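In the working numbering, the protein residues as written are 73 to 589. Cβ atoms here follow ideal geometry from the backbone N, Cα and C, with glycine treated the same way. Note that the structure is a prediction, hence the values are computed from the model and not measured. To start, the structure under review is shown below, and the notes come after it.
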Amino acid sequence: MMDALVILIPFLPFLAAVSIGGAHFSGVLRGDASENITADIATWAITLSCLMALALLGADLLGKNHGFFSVGQWLGSDTLNIRLNFITTGLNVRLAVLFSLLLAVISRFSGNYLHRETGFHRFFFILSLFAAAMMLLVLSGNAVGTFVGWEVAGLCSYFLISYAYHRPVATYNATRAFITNRIGDGGFIVGIGLSYAWLDSVNWGQLNAAAEQLTIGEATGISLCFAVAAFAKSAQLPFTPWLARAMEWPTPSSAAFYGAVMVHSGVYLVCLLEPVFSKSPFSMAVLGLVGLVTAAYSFIVGQTQADIKSSLTFATSGQLGLMFLECGLGFWQLASWHLCAHAIVRCWLLLTAPSLMQYIKRGGGKPRNVPVWVYLASAQHFWLDQAVDWALVKPVRGLAHDLSYFDDYIVDRVVGAPMPALGTLSSLAQAEEQIIGAKLDNEADGFARGSGLAGKLTEWASAFVHWIEDRFVLRGIGKDTIHYGRQLGHLANKFEQIILRPRYLVLFVCITFLVAF
């Protein structure tokens, strides 16, 4: 049965990754002498995976495939039943052939391009693991399997952006890109949860078949969640800036991840869920609008870039924006063909970029008939990074700082080191002891001192009640009452100002959504 070949497509690159990683870790593959072995293992594994995909595609064209293949049960809980299954027909198989072919070309190119580079073996380990992840992503028959490939591919991208990990800029850009993509992953997870809650299934085939049973609101909820994941992975606004940061890594990895393969994952996900998106006019409008705005933004910013790779970066996000626009307008077949053609062209352009840089010198000057303010804004990428920092990063960072302060100075002193905590929180009681002459610190006076936390709480409560009684009851209504009343008013005003800060508004919005769910 030809459907069974689908197992080998992701398994062969994964086996190559395990072999390279294990041999390099154990010291078998090290240095320049082992470079050919490492490159051959990765290249041949990806090439064989491509041949398996070609055989599966041929069987599909001849009508020999059943359309799916199930290996067995993976996870079961109550009515949740997740099987290790694969799709063996249609767009999934065609993309598996295309992506594996491009990855085989990139692997062959990388053997010469990275010769004697530091991290040569590490690069081919990550490339092989990435190839396995992408094959799983496009061939998995359920959302959970696709998400596993989605996450592993993102992890590999993090490792390769920070390929030169001794450079702070590389590690910072890798972290920034990784965190940005995690926002999209949150949308993916919520989309899986909604699919199971409303359709009692996470299989792509069952989800698409049951799309007509969904109400417009349910279809909109599911499709928008997956749309957020697609926008983040394919560098659509407001997530576009991370793609330019990803150019820190070697040119072959740029071609593999953000020229030919991974950057198209978002468009693939949208095309895969065509029936669900078609059920929701609002989601279709969002796809079209985001794609159109991203294409316009990328075109304008791309005109002011002073180097080849940056220009190709914004050309890539612009073309991906056009694909989302095509999906939003209902031209699904055009979007899938556009995806395949763009993957081939962009892979070739990025692989030849080092040679082109020897002959092309871009000045990055202001184009004619363009206002100065537009040129300056596009040169700064329209300050999109700064806007995201102001709207999201700074409020979350401020909230984290406040929570850390509360944890260090309140929580830790109560549940952390007992004696310092009790000594700090009982300062009022100790001051009152000195005033009234009670020798509660006398070790011999065990009854007055109390025992354990309960005893201390009793002491604090007694001291506090005595202080209230002395200040407000025994002394009557006097200047102390007015003074403390004013202080209380100032504290209330200060609390109101703090609570209206953006970071707390963000927190309250998140809590509101959680309660609503």
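With a threshold of 16 other CB atoms inside 10 Å of the CB of residue i, please say whether the residue is buried or exposed.
i: Gly94; result: exposed
i: Ile118; result: buried
i: Glu320; result: buried
i: Val241; result: exposed
i: Tyr330; result: buried
i: Ala89; result: buried
i: Asp479; result: exposed
i: Asp513; result: Low local confidence applies: a pLDDT of 48 at Asp513 is under 50, so the model's placement there is unreliable, and no value is given.
i: Glu107; result: buried
i: Ala304; result: buried
i: Leu147; result: exposed
i: Thr292; result: buried
i: Asp272; result: exposed
i: Thr388; result: buried
i: Ser476; result: exposed
i: Gln308; result: buried
i: His410; result: buried
i: Val274; result: buried
i: Val537; result: exposed
i: Gly256; result: buried
i: Phe97; result: exposed
i: Ala76; result: exposed
i: Leu152; result: exposed
Looking at the strands, I want to know which residues DSSP matches up with residue i.
i: Leu152; result: Ser149
i: Phe141; result: Phe158
i: Asn275; result: Asn214
How many angstroms separate the CA atom of residue i from the CA atom of residue j?
i: Thr530; j: Asp474; result: 30 Å
i: Tyr369; j: Leu315; result: 14 Å
i: Phe196; j: Phe354; result: 43 Å
i: Pro55; j: Ala425; result: Outside the displayed range of the chain (73 to 589) lies residue 55, so it cannot be described from this structure.
i: Phe140; j: Ala281; result: 15 Å
i: Phe171; j: Ala332; result: 7 Å
i: Phe386; j: Gly144; result: 43 Å
i: Val78; j: Ala131; result: 11 Å
i: Val348; j: Leu384; result: 32 Å
i: Gly213; j: Leu345; result: 12 Å
i: Leu101; j: Ile92; result: 8 Å
i: Leu211; j: Ala283; result: 21 Å
i: Ser142; j: Ala407; result: 29 Å
i: Ser326; j: Asp150; result: 43 Å
i: Ser121; j: Ala357; result: 38 Å
i: Met207; j: Trp116; result: 16 Å
i: Tyr340; j: Phe396; result: 10 Å
i: Gly103; j: Gly183; result: 14 Å
i: Thr190; j: Leu126; result: 34 Å
i: Gly135; j: Leu286; result: 31 Å
i: Ala204; j: Val224; result: 9 Å
i: Leu266; j: Phe192; result: 43 Å
i: Gln278; j: Gly338; result: 20 Å
i: Phe202; j: Ile294; result: 27 Å
i: Leu87; j: Leu174; result: 19 Å
i: Ala378; j: Phe371; result: 14 Å
i: Lys566; j: Ile178; result: 60 Å
i: Tyr268; j: Arg239; result: 44 Å
i: Ile198; j: Leu563; result: 55 Å
i: Leu471; j: Asn245; result: 23 Å
i: Gly221; j: Phe158; result: 13 Å
i: Thr252; j: Val300; result: 11 Å
Where do the N-terminal and C-terminal ends of the alpha helix (DSSP H) with residue i fall, by residue?
i: Ile113; result: 107–133
i: Met356; result: 353–374
i: Val335; result: Counting along the chain, Val335 falls outside any alpha helix (DSSP H), and DSSP gives it neither H nor E.
i: Val100; result: Premise fails: Val100 is in no alpha helix (DSSP H) and is neither H nor E.
i: Glu346; result: 346–350
i: Glu398; result: 380–400
i: Glu290; result: 288–305
i: Thr323; result: 323–327
i: Ala316; result: 313–317
i: Ala415; result: 404–423
I'd like to know whether the C-beta of residue i is nearer than 9 Å to at least one C-beta of chain D.
i: Val362; result: Of the protein chains in the structure, only one exists, and it is not chain D.
Note to self: My parser needs the alpha helix (DSSP H) runs of 4 or more residues fully inside the stretch 155–241; what are they?
What the structure shows: 163–185, 192–211, 215–233
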